[in-house]
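In case it helps, my numbering puts the sequence shown at residues 317 to 458. Each residue gets a CB set at the ideal place from its N, CA and C atoms; glycine is no exception.
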Amino acid sequence: MGNEIEILKEINQNSKMGMDSLSTVLKKVEDSDFKELLNTQHDEYQNIYDRTQELLIKHNASMEDTPPMQKAMSWMGIQLNTLTDSSNSKLSELLIQGNDMGVVKGTKLLNNYSFMNNEIKNILSDFVRLQEKNIDDLKEYL
């Protein structure tokens, strides 16, 4: 279960990072349709986060928050990248890049850890599908 706990922690931390990034980006959005999409994505990350939290608690695993430096770098990256352009297109581009990294990470985990129990594999698969869907939905705003 050790590696599975690490995978759960990874999903948990990445879903939290997704929520944090969306919260930062949402402050820059004025378009109501775009804001609604991002709020929906935030809620879906919250669902994944809650599912991983539940399993981590069930297995008495310590939960780790996103390291403060990583949070600060993410926030600063969003601020710098939108300093002169905070259009829907620019914000979508940044979010697509983040989701793309998550798809790659999640797919690697799925491919390299076939021993995972079905519950964890399902959460990880849902997490990858969520990010793939996010990318597709965000493309409309490029």
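{"Check": "Is it true that the CB of leucine 353 sits closer than 8 angstroms to the CB of leucine 342?", "Outcome": "no"}
{"Check": "Fully enclosed by the region 376 to 454, which alpha helix (DSSP H) runs are 4 residues long or longer?", "Outcome": "384 to 397 and 404 to 428"}
{"Check": "Using three-state DSSP, classify glutamate 346 as helix, strand or coil.", "Outcome": "coil"}
{"Check": "From aspartate 442 to isoleucine 364, what distance separates their C-alpha atoms?", "Outcome": "8 angstroms"}
{"Check": "Answer with buried or exposed for leucine 374, where buried requires no fewer than 16 other C-beta atoms within 10 angstroms of its C-beta.", "Outcome": "The question names leucine, but residue 374 in the sequence shown is lysine. Classification of lysine 374: exposed, given that the 10 Å Cβ count is below 16."}
{"Check": "Got a sec? Which residues, its chain only, sit under 8 angstroms from threonine 423 by beta carbon, not counting five neighbours each side?", "Outcome": "Val444"}
{"Check": "What separation, rounded to the nearest whole angstrom, lies between the Cα atoms of glutamine 314 and asparagine 434?", "Outcome": "Nothing about residue 314 can be read from this structure; the chain reaches only from 317 to 458."}
{"Check": "Can you give the Cα-Cα distance for isoleucine 451 and aspartate 401, rounded to whole angstroms?", "Outcome": "20 angstroms"}
{"Check": "In this structure, does DSSP put glutamate 268 in helix, strand or coil?", "Outcome": "This structure does not reach residue 268, given that the chain is present from 317 up to 458, and the question cannot be answered."}
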